[in-house]
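Here is the structure we will look at, set down as structure tokens.
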Amino acid sequence: MGVRALFQLDGRVALVTGGSRGLGLQMAEALGEMGCRLAITARKTDELDAARAHLQGLGCEVLTVAADLQQSDRIPALVDEVLARYGAVDILVNNAGATWGAPAEDYPDAAWHKVMNLNVSAPFFLAREVGRRSMIPRRQGRIINIASVAGLRGTAPGVHTIAYNTSKAALINFTRTLAAEWGRYGINVNAICPGFFPTRMTEGVLKQVGDTVVARAPLHRLGGDEDLKGAVVFFASEASRHVTGQYLAVDGGSSVV
Numbered sequence: 001m002g003v004r005a006l007f008q009l010d011g012r013v014a015l016v017t018g019g020s021r022g023l024g025l026q027m028a029e030a031l032g033e034m035g036c037r038l039a040i041t042a043r044k045t046d047e048l049d050a051a052r053a054h055l056q057g058l059g060c061e062v063l064t065v066a067a068d069l070q071q072s073d074r075i076p077a078l079v080d081e082v083l084a085r086y087g088a089v090d091i092l093v094n095n096a097g098a099t100w101g102a103p104a105e106d107y108p109d110a111a112w113h114k115v116m117n118l119n120v121s122a123p124f125f126l127a128r129e130v131g132r133r134s135m136i137p138r139r140q141g142r143i144i145n146i147a148s149v150a151g152l153r154g155t156a157p158g159v160h161t162i163a164y165n166t167s168k169a170a171l172i173n174f175t176r177t178l179a180a181e182w183g184r185y186g187i188n189v190n191a192i193c194p195g196f197f198p199t200r201m202t203e204g205v206l207k208q209v210g211d212t213v214v215a216r217a218p219l220h221r222l223g224g225d226e227d228l229k230g231a232v233v234f235f236a237s238e239a240s241r242h243v244t245g246q247y248l249a250v251d252g253g254s255s256v257v
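For what it's worth, this note's numbering labels the leading residue of the sequence shown as 1, then goes sequentially.
Next up, the structure:
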């Protein structure tokens, strides 16, 4: 197989959570460009409508499903819709996430549960549903969990995101453990750990530490609109067929200094 063919994804079905904007939309663009039929999900219908129009304008086939992944009992219905349209899910990108800022001693119970439910529980329940209904029976699949370099360390001084950092560390070990269990089914499970990208979620933190982040990173830049595309295509494609249980930091080198 030639190198170009290793990266092609023609006809495969990719389900991207949190796919209506930000990093999720960037990754959906990349997968669609490489030939995937797309299913994207998010909570807000208007944002999904805008994302669908954008992706269709790029020539992508797109199904949108409005869903709140914190409601785990709704996940089977989400998968029902995708399977009814496409018949299978080849690639699952667990991207939807949440954060909340507060000192640990004052952290609200509801905020802790919200972050954990969306960042840890939802990826598990969705992977379990997609796995047992599509990937395991077909003995193939790619699961890509969007963790964070925040899961590799503590927080910067003055940044209070204990639930987020904890949840992303959990997602990295979830990736390792699921890869170990499901390798026998031909399913590869890997994680991408973005650093700071300018998004709605990071806007507040970047106001506090953005200049410091850029100054300390070896590449002296934040993530941009194209910087996750290569990573997600690599993990979704045959180019990574001998890679599982791993994480890739896409952070301008900030995690190594």
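Cβ coordinates follow ideal geometry from the N, Cα and C atoms, glycine included.
Check the Cα spacing between GLY151 and each of VAL250, GLY141, PHE125: the tightest is with VAL250. Around ARG43, the same chain offers ASP68 as residues with beta carbons nearer than 6 angstroms, after the five sequence neighbours per side are excluded. Shown here, THR99 sits in coil according to DSSP, grouped into three states, outside any helix or strand. Residue range 162-182 is occupied by the alpha helix (DSSP H) that includes ASN165. Its Cα nearest to that of LEU92, the residue GLN140 stands out among ASP106, GLN140, ALA217, VAL214.
When the beta-carbon positions are compared, LEU63 and VAL82 come within less than 8 angstroms of each other. VAL250 carries a strand assignment under DSSP once its states are collapsed to helix, strand and coil. Counted as a single uninterrupted DSSP element, the alpha helix (DSSP H) harbouring GLY22 occupies residues 22-33.
If you draw a straight line from the Cα of ALA215 to the Cα of GLY253, it comes to about 11 angstroms.
The segment 88-107 makes contact with the segment 116-130, as at least three CB pairs between them are under 8 angstroms. For the segment 57-119, the full-length alpha helix (DSSP H) segments reaching 4 residues or more read 75-86, 109-116 along the chain. In this structure the segment 173-181 does not touch the segment 211-226; the number of beta carbon pairs closer than 8 angstroms is below three. Bounds of the beta strand (DSSP E) holding LEU38 are 37-42.
In terms of Cα proximity to CYS60, the closest of ILE40, ARG74, ASP46 is ILE40. Per DSSP, reduced to three states, the secondary structure at ARG12 is coil, with no helix or strand assignment.
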